[in-house]
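Read through the structure below, which is laid out as structure tokens, and then see the notes.
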Amino acid sequence: MARELNLPRRVILEIVYRMMRFRLIEAVLLHGVPAFQATAYGSAIVLHGEEIPTLQRRFSRKIAFVVDKITGTVFPKRDVRVENAGALTAFKESGAAVHEIEVRGQKVQTSPSQNVARFQEILNPDETLIYFDGDTLIERDDEYIIVTADGHDLRGLPAKAPAQLKSQVVYALSLPVSGKKVVMNSLISKDDEPIVPLMARIDFDPRTDLIVGGQEHMDAFHAILATASRRIYLHSSFLKKDSFDNVVDLMRGAVRRGARIDIFWGAGSSNEPKEKTLLEATAISKAISGDDSLRGSVTIHLRSTGSHAKLIVADDGLGGWIGAIGSCSWLFSKFDRLEVTAILRSPGIVAQLVSSFCKLIAQPGFRPEVGSELYLLGNALRLQPQQGKMTAGVVSGQMHEALLRHASGTAEKRFLIASDRLGNAAFANAIIPAEHFHSRTGLTPVVVYSQNSGAIAEASAAMSVAVEALARGVQVVSPTESFHAKFLLWGEDDVVITSLNMGSATISPDLPMGELGVHLSGSQVASHLIDRLRGRWAFL
């Protein structure tokens, strides 16, 4: 190679060493002669026109940022001028017209997870946050951002400053100088999560992207593992070592193509050594550590997220990204029950799913570098154009209740709730919203469940619930075929596919990522799902 390229042998050795280090090439014997060839991962990098990986260096540095109290916007400290109260006094004594703003109301929250998100916002594009030392964190509440006004020109606010902040500053400057503070109310939302999902335009084909039934879920899962060549993030609320064993060869193939895999789970408690899901996770961890093909590339996190969500985010092997969200616990299911999942391919909605995944693991005990990867991936996907005939939005926490109210109050044609379980929350979460739909339209809504639990675990109690619901105009049905799907649909065009058992579970405001779903709207997606189910559920 040195002779053919007319380069020093030392240069060729360094090139080969670096390319082998990043698994781009491998040494082989061709007809008994030593040679180098591109790995499957290296070929994929070249084929898709991606950048060659670079060596990452771990280092520590101080990060300083400023959060404005009006809108909660984060600025790198280098981008704004910050002074203390003494400097304001000096400005006044020099004759400058000083407008001092005092912000009241909702304060800036500074929990560790919220500070991690702020650190990620101000990192350089080629940096990834691994962790921060909370013992060295210094918070100050006695400093001011200095903005200088020259007519309508504001100097001192970065270009990224939101219009709301600029308008509030302009308003303060319009007031006469009185020596008193200008009092303003904070515009920061008390709740971290919006009340309803933010809808993004998507391309979605219900025939291929709406996954219904056990076999379709197995095929979809295998296809994701068989095509990914860079990254797979998986959250399965429950785990079984046997289920992992069933796909371990596909994971080995993904690793050979260059993929890294992180597995998360949400059941039980990681503080109980004999908790069954933790025991399964530990068994999987031992299998990974003993497998030369997986060790170092596949990680199962030995801590529960506390979430019931079922998610996959992975690259599609072609330079894009896909997401899967629904009712299926991918590393627990036997794929022998009815499940419903949405496969998402459009950048805008995948970005939302990635952000939700990031928030899900932004808690003590999880590797912050994985959260940083997801954060940066979400930002990159959000920059891509949105297009498509349908819209979709990720549904988290109490958004489920808001959508139930919206659906029962606006639907004109049909209203159906499917819940794996019917339990203590049956009336509040399912039957009463369905009754409201009936009182508005005169039509009969349907609540479908697979098994009864909690206070109505007995068959007689479940029958009493069904009888009372019917008196309210609501049909409650339990099909003979067991199912695990969880969804809400109304009209022709709206479906919420979720992990939430709307017939039995309640939403905790303290765990907004505890249940996750997606609201799909348009292209008669509700009618399509009904058509797919008619062969299984005769009452439809």
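Residues in the sequence shown are numbered consecutively from 80, following our numbering. Every residue, glycine too, gets a C-beta built ideally from N, C-alpha and C.
Check, Outcome
"As assigned by DSSP and simplified to three states, the class of Ser498", "strand"
"7 Å CB neighbourhood of Leu318 in its chain, flanking five on each side removed", "Trp344, Thr356, Glu359, Ala360, Ile363, Leu410 and Phe411"
"heavy atom of the ligand NAD below 7 Å from Met469 C-beta", "Only the bare structure without any ligand can be found here, which leaves the ligand NAD out of the picture."
"Strand pairing of Glu200, partner residues [DSSP]", "Partner(s): none; Glu200 has no beta bridge."
"Own chain, CB closer than 6 Å to Tyr223, minus 5 neighbours either side, in chain order", "Glu162"
"DSSP three-state assignment for Leu423, whether helix, strand or coil", "strand"
"Span of the alpha helix (DSSP H) around Thr287", "Pro285 to Asp288"
"Nearest residue (CA-CA) to Asp572, options Ser539, Leu501, Thr489 and Ser529", "Thr489"
"Sequence-distant residues of the same chain with beta carbon closer than 6 Å to Pro379, five excluded per side", "The displayed chain sequence assigns Ile, not Pro, to residue 379. Ile342, Ala360, Ile363 and Ser364."
"Reduced DSSP secondary structure (H/G/I, E/B, other) of Ser475", "strand"
"Met542 - DSSP class collapsed to helix/strand/coil", "helix"
"Alpha helix (DSSP H) segment containing Ala123, residue limits", "Ala119 to Leu126"
"Extent of the continuous beta strand (DSSP E) to which Asp328 belongs", "Unbroken run through Asp328 is the alpha helix (DSSP H), Lys320 to Arg335; no beta strand (DSSP E)."
"Under 8 Å between C-beta atoms of Phe373 and Val334", "Residue 373 is actually Leu in this sequence, not Phe. Yes, they are a contact pair."
"8 Å CB neighbourhood of Met469 in its chain, flanking five on each side removed", "Arg280, Ile281, Asp282, Phe283, Leu599, Ser600, Gly601, Ser602 and Val604"
"Neighbour-count burial assignment, Gln116, 16 or more Cβ in a 10 Å radius", "exposed"
"Sufficient close CB pairs (3 or more, under 8 Å) joining the stretch 465 to 483 to the stretch 440 to 449", "no"
"The stretch 145 to 161 touching the stretch 257 to 269, judged by at least three CB pairs closer than 8 Å", "yes"
"Three-state class that DSSP yields for Met99 in the structure shown", "helix"
"With 16 other Cβ atoms within 10 Å as the buried cut-off, status of Ser368", "exposed"
"Sub-8 Å separation of Phe323 and Ala366 beta-carbons", "yes"
"DSSP-derived helix/strand/coil call for Ser246", "helix"
"Spatially closest choice to Arg493 from Leu501, Ala513, Asp499 and Phe506, by CA coordinates", "Ala513"
"Nearest-angstrom Cβ-Cβ length linking Phe170 and Pro237, presumed shorter than 8 Å", "Actually they are not in contact, since the Cβ atoms of Phe170 and Pro237 sit about 21 Å apart, beyond 8 Å."
"Assigned exposure category for Val182 - 16 Cβ within 10 Å defines buried", "buried"
"Spatial distance of Gly570 from Lys245 (CA atoms)", "43 Å"
"Beta-carbon spacing of His477, Pro558 below 8 Å", "What sits at residue 477 in the sequence shown is Gln, not His. No, Cβ-Cβ distance for Gln477 and Pro558 is not below 8 Å."
"With 16 other Cβ atoms within 10 Å as the buried cut-off, status of Tyr528", "buried"
"The stretch 455 to 466 contacting the stretch 411 to 431, beta-carbon criterion three pairs below 8 Å", "yes"
"Delimiting residues of the beta strand (DSSP E) encompassing Asn264", "Val261 to Asn264"
"Nearest-angstrom Cα separation, counted from Arg611 out to Arg286", "9 Å"
"Alpha-carbon to alpha-carbon, Asn580 and Leu487", "This sequence places Ser at residue 487; Leu is not what is there. Distance between the alpha carbons of Ser487 and Asn580: 17 Å."
"Nearest residue (CA-CA) to Ile180, options Phe198, Leu233, Val249 and Ser475", "Val249"
"The beta strand (DSSP E) enclosing Glu105, as first and last residue numbers", "Ile104 to Leu109"
"8 Å Cβ cutoff met for Phe562 and Asp499", "yes"
"Status (buried if at least 16 other CB within 10 Å, exposed otherwise) for Ala541", "buried"
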